[in-house]
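Numbering (the numbering used here), first residue to last: 214 to 431.
A quick write-up on the structure given underneath.
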């Protein structure tokens, strides 16, 4: 029996406007298992930038923790990002959602001048150093653009976001639904997902495509 490839997923909270995009996270987990892999879920133990009411879109007067909120998606089976060790995994994967640009980085506020959470930067660089693949969906490629030197990637077709990524040194490629860009130098696989006007079937197709490309790299 072939060895099951083990993926680490990093979450940024729970909910599209202030955390991880739940459809992207869930469909990616589904794709991992459907394609014969297994996973563990991680999140940084940090405070969310803010909390958004997903009915009204308004900011709420609450303080929430990224790890605690991410545990909702993980059904409680989650670890602190500080506990991540690259030797334990074959691949690393980031779903999108505004939490990637607000909690894992400050791209939503500072654009190309953004910072990236130190723990997130550590795990990405550790996987690159180990020669292990990384997947990034939706807006998550922005983090890769900030950390890596001239990565080739995609966020779909949004010109403003693409220009911001290129200002950080990335090489952006336009893509449509379910399409991926593979950067062999970093073994980085990206797809646009909800950076396009997508439905959940198309999200599933994009997640599945990323997982399959990562498995090819392995």
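Cβ coordinates follow ideal geometry from the N, Cα and C atoms, glycine included.
Here the structure is a predicted model, which is why all the values come from computation and not from measurement.
Check your understanding: Whose C-alpha, out of 343, 350 and 356, is nearest the C-alpha of residue 330?
Key -> 356
Exercise for review: Measure the alpha-carbon distance for residue 300 versus residue 408 and round it to whole angstroms.
Suggested key: If I take the Cα positions, the gap works out to 32 Å.
Exercise for review: Kindly identify the DSSP beta-bridge partner or partners of residue 223.
Suggested key: 255
Review point. Could you give the distance in angstroms between the alpha-carbon of residue 377 and the alpha-carbon of residue 390?
Key: 21 Å
Exercise for review: Provide the residue(s) that pair with residue 415 in DSSP beta bridges, ordered along the chain.
Suggested key: Answer by DSSP bridge pairing: none, since residue 415 is not bridged.
**Study point:** Boundaries (first-last residue) of the alpha helix (DSSP H) holding residue 246
**Key:** Run containing residue 246: 235-247, per the alpha helix (DSSP H) assignment.
Check your understanding: First and last residue of the alpha helix (DSSP H) that includes residue 360?
Key -> 354-360
Review point. Between which two residues does the alpha helix (DSSP H) harbouring residue 339 extend?
Key: 331-342
**Study point:** Cα-Cα separation between residue 381 and residue 396, rounded to whole angstroms
**Key:** 16 Å
Check your understanding: Which residues in the same chain have their Cβ closer than 6 Å to the Cβ of residue 353, if we skip the five residues on either side of it in sequence?
Key -> 307, 309 and 313
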